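Residue numbers 2 to 195, in the working numbering, belong to the letters of the sequence shown in order.
The block underneath contains the structure these notes are about, expressed in structure tokens.
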Amino acid sequence: MISDLGLLASRLALGLSLASHGAQKAYGWFEGPGPEGAAGFMHSLGLRPGETYAAAASYNEIVSGLLIALGLGGPLGPAGVVSNMIVAAETVHRPNGFYAAKGGIEVPFLYAAAAMALASAGYGDFSVDHLFGLDESLDSNFFKALAFAGGVTAAYLILGRRDTSPPEGTLATPTIKGEHDGQPAGSPSSPATT
Numbered sequence: 002m003i004s005d006l007g008l009l010a011s012r013l014a015l016g017l018s019l020a021s022h023g024a025q026k027a028y029g030w031f032e033g034p035g036p037e038g039a040a041g042f043m044h045s046l047g048l049r050p051g052e053t054y055a056a057a058a059s060y061n062e063i064v065s066g067l068l069i070a071l072g073l074g075g076p077l078g079p080a081g082v083v084s085n086m087i088v089a090a091e092t093v094h095r096p097n098g099f100y101a102a103k104g105g106i107e108v109p110f111l112y113a114a115a116a117m118a119l120a121s122a123g124y125g126d127f128s129v130d131h132l133f134g135l136d137e138s139l140d141s142n143f144f145k146a147l148a149f150a151g152g153v154t155a156a157y158l159i160l161g162r163r164d165t166s167p168p169e170g171t172l173a174t175p176t177i178k179g180e181h182d183g184q185p186a187g188s189p190s191s192p193a194t195t
């Protein structure tokens, strides 16, 4: 019973955190950017059309998060999380190293690891899967492997479609105006790194 309560607490923490991040993007809730802001951000990352990728990321987080929180669908929710976090880590966080303080991959890495741990452990007795007797059939290693293979494949298909050319009307490398005109932002002698 204690381990089932631990799984429930973990599911609620992970699932509701992810669903709220999706709601920030999809609806502008919880001080989020809303669909227009999320679409602009996706577009700036080379995920174009930004509206499509923003909606996909938003609803992936909402649906995956709710599946995890409810304990429904076995590894499907965690596989969706892993897919989203691979894309987030690669497009946003990887250039910044590992630690979250510098905007690195730490947070998406921890979300993905927590999702994989829950999928491996199962959702426990306090889950919709258990209530309807689905946990045994969804807990097979084959189904888990299939779900995660699908999630990883989806992430890399998205990344493969990424357009890394700068959006129209922008410079290829951001520059800083003033004393260091023409030097790329973040270069050793620019003010952005001091």
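In this text, a Cβ means the ideal position worked out from N, Cα and C, and glycines have one as well.
All values derive from a computational prediction rather than experimental measurement.
Among 157, 159, 142 and 137, which one has its Cα closest to the Cα of residue 73?
Sequence index remark: in the sequence shown, residue 73 carries index 72 (1-based). Residue 137 is the option with its Cα nearest to residue 73.
Is there contact here, the stretch 68-84 with the stretch 141-152, by at least three beta-carbon pairs under 8 angstroms?
Yes, the stretch 68-84 is in contact with the stretch 141-152.
Rounded to whole angstroms, how far is the Cβ of residue 101 from the Cβ of residue 107, which I believe are closer than 8 angstroms?
Within the sequence shown, the letter at position 100 stands for residue 101. Within the sequence shown, the letter at position 106 stands for residue 107. That pair is a contact at about 4 angstroms.
Give every residue of the same chain whose Cβ lies closer than 6 angstroms to the Cβ of residue 87, excluding the five residues on either side of it in the sequence, and list them in chain order.
The sequence position of residue 87 within the sequence shown is 86, counting from 1. If we look at residue 87 and ignore the five residues flanking it on each side, its Cβ neighbours are 156.
Around the C-beta of residue 28, are 16 or more other C-beta atoms found within 10 angstroms, so that it is buried, or is it exposed?
As a first step, residue 28 is located in the sequence shown; it is residue number 27 there, counting from the start. It is exposed - the Cβ of residue 28 has fewer than 16 other Cβ atoms within 10 Å.
If you drop the 5 nearest sequence neighbours on each side, which residues of the same chain put their C-beta closer than 7 angstroms to that of residue 209?
Residue 209 cannot be examined here, being either before or after the span of the chain that is shown, 2 to 195.
Can you tell me whether DSSP reads residue 103 as helix, strand or coil?
Position 102 of the sequence shown, counting from 1, holds the residue named residue 103. Of the three classes helix, strand and coil, the one that applies to residue 103 here is helix, per DSSP.
Distance check for residue 127 and residue 164, CA to CA, integer angstroms please.
Locating residue 164 in the sequence shown gives position 163, counting from the first residue. Locating residue 127 in the sequence shown gives position 126, counting from the first residue. So the two alpha carbons sit approximately 43 angstroms from each other.
Around the C-beta of residue 4, are 16 or more other C-beta atoms found within 10 angstroms, so that it is buried, or is it exposed?
Position 3 of the sequence shown, counted from the first residue, corresponds to residue 4. Answer is exposed; the Cβ neighbour count stays below 16.
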